[in-house]
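Protein chains in written order, with numbering that gives the first Met the number 0: chain D, 0 to 338; chain E, 0 to 338. C-beta: ideal position from N, C-alpha, C; glycine also. These notes concern the structure reproduced below.
2 protein chains.
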Amino acid sequence: MPVNHAQAVLNGERLALTRALTQIENNTAEGLEILEALFPHTGKAHLIGVTGAPGTGKSTLVNQLALAYRQPADGTIPPRVAIVAVDPTSPFTGGAILGDRVRMQDLTGDPGIFIRSMASRGSLGGLAAATAGLVQVFDAAGFEIIIIETVGAGQAEVDIARLAHSTIVVEAPGLGDEIQTIKAGILEIADILVVNKSDKPGAENTLRALRNMLSMAHPEGKHINHHGQLMEIDSETDQTGNGWIPAVLPTVATSGEGIPDLVSSLNAHIDFLKSSDLWQLREEKRLKNQLETLLGTALRSRWEKSISPDIYQAALAKVIKRELSPWRAVEELIQGAGL
Amino acid sequence: MPVNHAQAVLNGERLALTRALTQIENNTAEGLEILEALFPHTGKAHLIGVTGAPGTGKSTLVNQLALAYRQPADGTIPPRVAIVAVDPTSPFTGGAILGDRVRMQDLTGDPGIFIRSMASRGSLGGLAAATAGLVQVFDAAGFEIIIIETVGAGQAEVDIARLAHSTIVVEAPGLGDEIQTIKAGILEIADILVVNKSDKPGAENTLRALRNMLSMAHPEGKHINHHGQLMEIDSETDQTGNGWIPAVLPTVATSGEGIPDLVSSLNAHIDFLKSSDLWQLREEKRLKNQLETLLGTALRSRWEKSISPDIYQAALAKVIKRELSPWRAVEELIQGAGL
Chain D
0 MPVNHAQAVL NGERLALTRA LTQIENNTAE GLEILEALFP HTGKAHLIGV TGAPGTGKST
60 LVNQLALAYR QPADGTIPPR VAIVAVDPTS PFTGGAILGD RVRMQDLTGD PGIFIRSMAS
120 RGSLGGLAAA TAGLVQVFDA AGFEIIIIET VGAGQAEVDI ARLAHSTIVV EAPGLGDEIQ
180 TIKAGILEIA DILVVNKSDK PGAENTLRAL RNMLSMAHPE GKHINHHGQL MEIDSETDQT
240 GNGWIPAVLP TVATSGEGIP DLVSSLNAHI DFLKSSDLWQ LREEKRLKNQ LETLLGTALR
300 SRWEKSISPD IYQAALAKVI KRELSPWRAV EELIQGAGL
Chain E
0 MPVNHAQAVL NGERLALTRA LTQIENNTAE GLEILEALFP HTGKAHLIGV TGAPGTGKST
60 LVNQLALAYR QPADGTIPPR VAIVAVDPTS PFTGGAILGD RVRMQDLTGD PGIFIRSMAS
120 RGSLGGLAAA TAGLVQVFDA AGFEIIIIET VGAGQAEVDI ARLAHSTIVV EAPGLGDEIQ
180 TIKAGILEIA DILVVNKSDK PGAENTLRAL RNMLSMAHPE GKHINHHGQL MEIDSETDQT
240 GNGWIPAVLP TVATSGEGIP DLVSSLNAHI DFLKSSDLWQ LREEKRLKNQ LETLLGTALR
300 SRWEKSISPD IYQAALAKVI KRELSPWRAV EELIQGAGL
């Protein structure tokens, strides 16, 4: 009964939610039907991507961020928070499980927080598609804040960052002399840069290096402050082309220092997006990206069904003997499928 | 004249090589024909993958490794060395160019070393396919050692590591308390673990942590030494299933310390692979992986040609309005293409 199941998710039933997530992660037919029924109810949550190298204290930061959202300083009703922790560096074994255990100690007992970990189990496309599916279930189920946490700063993370409205890149002091080389890509995905462990030696240097880099990318950089406030800038000189200058924020996640500023900065970013057409643009990009990923997966699986595995194996064997090039083999395999 | 061009590459003409690399990187028809002509001449080189987080000194290590191969201690004829530097963290701007300049200072003037940098310019699949193409050109052109250097430890790096016979994972001291969480995936791709900057504080801890982890993965771990020598182990208790226990080597790339041990370890690894059927197995995996990547790209491009862009745009617009789910849209788009 996928439709009943979807309705139970919409009603906020926790067991239904857990079961839906499992169906979607396992890419079952029922999971697809649930997603189909939930899709019209999505589009309300603030999706926050958090990425950064191992060792930056990213998971602790995400925990603190979730707790901060659950205890708003102004006494308003707190939003419900979902955390989707994605580990693309762990393609074979259950790296994500360890993460789960550590998290549970901090966050257990608050029914307004829901945590789901995923390890990569196949292609990158599959991981991004599954992540998008989980996020949409949480969105439909009424979680107002959804934090998507990924390890590293490679293409996988860029792809998963594309799912988010606001992307936080976490750094830590002491990553040393190659700092310039990592930033070309990061500057273009980061809405907020966090230097965590900012009580450690070298934090000032890391903060300064990041701010200098931002000044170069945004010649009007004298307006940068630490609080992610909306900047009045000339969009023609803004290389990111969207008028938002990333904030650079120091935090100490283990003690919670800097977390309120981070929440303010995230709220400022979402206000900024919604005050312009950027929110809509990001939504469009997100959905286009999801469509593309699903299309690639579907084309591959359709091809697979239309050709005998023997033909594939025979072509592969010839390639391995270097009697046939991979390029020619692909031509023959596509013709052979008679699609 | 792609065939003449391919012949010039086989003859070792440097200009022809450079032009071929550009054609292949740009995925031109001529590039494909050159690859086709060169493919039967591939399969001789030792392909070495080097990956690691930014800040580990990976590029300096690769430079030193190339120089070490060019100055063999035993006075034999040195192999020619190609370096393919891939930067998947830089999806939009030319991060790779900076890397080039730094490298040139060290390695310029040795005609036996050829360096090519690539930044990610589209999909991950495209990057891996282009990298595989460049590697095959160098292989056919007679470079005996081909070093594929990537940044980070995400899925992109795992994919690119699959291109290599021997994968080096570079660590540095001080990445701190999350060391366990990064290792699940790394243990399964690393043939050799290098702790670079091993003159820095914390190096002993990092070395010890990595060795402990390896001991747990290989219960017969008392046989581990620093030199990558072939181990007599019980393959039934070897979790990686291939009988090779990764060496853990300290290096100081800036001074060259530890580099000769690294070369010995690489030579031991290639001897190990060739003494069993593992070399052949890795070749098969590499080529299968390449075939899969090319197939995905070809299916997508074939679909694109068979459907009007208007139909795609109309479906996308409905998805964005949440009138149509991405899953249903993909079904309709595939049917609409009439493939």
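Where residue i falls, given that 16 or more other Cβ within 10 Å makes a residue buried
{"i": "E:Thr296", "result": "buried"}
{"i": "D:Asp276", "result": "exposed"}
{"i": "E:Val2", "result": "exposed"}
{"i": "D:Gly11", "result": "exposed"}
{"i": "E:Ile310", "result": "exposed"}
{"i": "D:Asp316", "result": "The identity of residue 316 of chain D in the sequence shown is Ala, whereas the question assumes Asp. Exposed, by the Cβ-count rule."}
{"i": "E:Arg13", "result": "exposed"}
{"i": "E:Arg207", "result": "exposed"}
{"i": "D:Ile76", "result": "exposed"}
{"i": "D:Lys196", "result": "buried"}
{"i": "D:Thr27", "result": "exposed"}
{"i": "E:Lys182", "result": "Because the pLDDT of E:Lys182 is 47, which lies under 50, any placement of that residue in the model is unreliable, and the question is left without a value."}
{"i": "D:Ala152", "result": "For D:Ala152, the pLDDT reaches just 48, beneath the cut-off of 50, and the residue's location in the model is therefore unreliable, leaving the point undetermined."}
{"i": "E:Thr17", "result": "exposed"}
{"i": "D:Gln279", "result": "exposed"}
{"i": "E:Pro200", "result": "exposed"}
{"i": "D:Thr166", "result": "buried"}
{"i": "E:Gly108", "result": "exposed"}
{"i": "E:Thr21", "result": "exposed"}
{"i": "D:Ser254", "result": "exposed"}
{"i": "D:Gly74", "result": "exposed"}
Start-to-end residues for the alpha helix (DSSP H) that takes in residue i
{"i": "E:Pro259", "result": "258–274"}
{"i": "D:Glu331", "result": "325–335"}
{"i": "D:Leu192", "result": "That residue, D:Leu192, is in no alpha helix (DSSP H); its beta strand (DSSP E) goes 191–194."}
{"i": "E:Lys317", "result": "308–319"}
{"i": "D:Ser305", "result": "Taken as a continuous stretch (DSSP letters only), D:Ser305 belongs to no alpha helix (DSSP H), as it is neither H nor E."}
{"i": "D:Arg161", "result": "Premise fails: D:Arg161 is in no alpha helix (DSSP H) and is neither H nor E."}
{"i": "D:Pro200", "result": "It is not in any alpha helix (DSSP H) - D:Pro200 carries neither H nor E in the DSSP assignment."}
{"i": "E:Asn26", "result": "Careful: E:Asn26 lies outside any alpha helix (DSSP H) and carries neither H nor E."}
{"i": "E:Val2", "result": "1–9"}
Whole-number beta carbon distance between residue j and residue i, since they are thought to touch under 8 Å
{"i": "D:Ala163", "j": "D:Gly48", "result": "3 Å"}
{"i": "E:Asp138", "j": "E:Ala44", "result": "4 Å"}
{"i": "E:Gly249", "j": "E:Glu143", "result": "Note that residue 249 of chain E is Pro in the sequence shown here, rather than Gly. Not a contact, Cβ separation roughly 27 Å."}
{"i": "E:Ala128", "j": "E:Thr292", "result": "5 Å"}
{"i": "E:Lys57", "j": "E:Val169", "result": "5 Å"}
{"i": "D:Val318", "j": "E:Leu272", "result": "D:Val318 to E:Leu272, Cβ: 20 Å. No contact."}
{"i": "E:Ile147", "j": "E:Val134", "result": "7 Å"}
{"i": "D:Gly54", "j": "D:Ala189", "result": "Rounded, the Cβ-Cβ distance is 18 Å, inconsistent with contact."}
{"i": "E:Val61", "j": "E:Gly111", "result": "That belief does not hold up - the Cβ atoms of E:Val61 and E:Gly111 are roughly 15 Å apart, past 8 Å."}
{"i": "E:Thr50", "j": "E:Thr149", "result": "5 Å"}
{"i": "D:Arg321", "j": "E:Pro39", "result": "5 Å"}
{"i": "D:Arg161", "j": "D:Asn25", "result": "Not confirmed; about 23 Å, so no contact."}
{"i": "D:Leu192", "j": "D:Ala246", "result": "7 Å"}
{"i": "E:Ile23", "j": "E:Gly141", "result": "Not quite, the Cβ-Cβ distance comes to about 17 Å (not below 8 Å), so this is no contact."}
{"i": "E:Ala314", "j": "E:Ala328", "result": "5 Å"}
Residue interval of the beta strand (DSSP E) (run including residue i)
{"i": "D:Ile340", "result": "With chain D covering only 0 through 338, there is no way to say anything about residue 340 of chain D."}
{"i": "D:Val169", "result": "165–170"}
Residue i: contacting residues in chain B (beta-carbon distance under 7 Å)
{"i": "D:Ser324", "result": "The structure shown contains no chain B; its protein chains are D and E."}
- Message: Taking contact to mean 3 or more Cβ pairs, one atom from each stretch, closer than 8 Å, check whether the region 328–336 of chain E and the region 290–308 of chain E are in contact.
- Response: Because the criterion of three Cβ pairs below 8 Å is met, the region 328–336 of chain E and the region 290–308 of chain E touch.
- Message: So within the region 33–78 of chain E, which uninterrupted beta strand (DSSP E) runs reach at least 3 residues, ignoring any that extend past its ends?
- Response: 45–51, all fully within the region 33–78 of chain E.
- Touching or not, the region 56–67 of chain D and the region 16–32 of chain D, by the rule of three or more beta carbon pairs under 8 Å? Output reads no: the region 16–32 of chain D does not touch the region 56–67 of chain D.
- Task: Could you say if the region 259–267 of chain E and the region 256–270 of chain D meet the contact criterion of at least three C-beta pairs nearer than 8 Å?
- Result: No contact exists between the region 259–267 of chain E and the region 256–270 of chain D.
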